[in-house]
Amino acid sequence: MKKQRVANLRHGFYLILRPEDRIAGAPDPARWIDPLMKYQGIDYRVSLLRAAAFYGSSHQAAMTFQVIVPKQLRDFEIGRHRLQFVYQAPAAFAQVNQPEWLVSMKSEAGFTKVASVELTLLDCARYFHKSAGINGLAQIVKDIGEQAEAHKLAKAAVVYENASVRRLGYLLDHAGYEPQARALEPFVKAAKTSLPLDPSVKPLIASLAEEAPRVAKWKLFINEPVEADF
């Protein structure tokens, strides 16, 4: 380790560093995340910004390697790489982290499990605060939303919070992807109240929240303007 020939990621788990890896401090996490997670006995999927980039969202400079897991894990950095573990409740995780919802990203060291484009969109809508905010989410939807199969999107959406599904439906609609947006419209019927598009934005006066433009179709208050390269 002193000679920078190996790196210790977890107790007992080491990476052998090739000369070309030493500048960055470690190889691309796509090369070793699968054996690391198997070593820990934890299922996973690569998602959010890294998965969006995998599907062609060129606007997303995925500086952080984001992994969805059913267990609380600490983030860590190794060299120039930052690993971020995003928790999903085990029951929901088990329902969607199945072969039919995943794809394999090949590297010279093997294969890495990546969320399908449908799961990537839903994950980004659910964890939009980790996906460069509402505008980052809007850009991801614009970049890759058309690739999603409408029936698969609706099937996977059952596992996600209704507000997240409506958020995604609105942005798909806004981007002009009608088949995908239409597939999510039935989820609106289950919503009892309208919610803000971006719940992280709090007005200085609470009563002003309901003065934001309302989109009845999705039962959302557009409390934050959406900016993306549409």
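Here the sequence shown is numbered in my numbering, starting from -11 and rising by one per residue. Yeah, the Cβ is synthetic: ideal placement off N, Cα and C, and Gly gets one too. Just so you know, these numbers come straight off a predicted model, no measurement behind them.
{"Asked": "Nearest to leucine 208 by CA position, among Tyr158, Ala216, Ala144, is which residue?", "Found": "Tyr158"}
{"Asked": "Around the Cβ of histidine 224, are there at least 16 other Cβ atoms within 10 angstroms (buried) or fewer (exposed)?", "Found": "This structure gives no information on residue 224, because the portion of the chain shown stretches from -11 to 218."}
{"Asked": "What are the complete alpha helix (DSSP H) segments, minimum 4 residues, inside the region 114 to 166?", "Found": "121 to 132, 138 to 145, 150 to 163"}
{"Asked": "From this set, Val(-6), Ser104, Lys94, which residue's C-alpha is nearest arginine 10's C-alpha?", "Found": "Val(-6)"}
{"Asked": "Using the Cα positions of serine 152 and proline 7, report the straight-line distance between them to the nearest angstrom.", "Found": "44 Å"}
{"Asked": "Excluding the five sequence neighbours on either side, which residues of its own chain have a C-beta within less than 8 Å of the C-beta of phenylalanine 46, listed in chain order?", "Found": "The sequence shown places serine at residue 46, not phenylalanine. The answer, listed in chain order, is Asp131."}
{"Asked": "Can you look up glutamine 72 in the DSSP assignment and give me helix, strand or coil?", "Found": "strand"}
{"Asked": "Tell me whether leucine 185 sits in a helix, a strand or coil according to DSSP, three-state version.", "Found": "coil"}
{"Asked": "Going by DSSP, what residues sit across from isoleucine 21 in a beta bridge?", "Found": "Isoleucine 21 pairs with nothing; no bridge assigned."}
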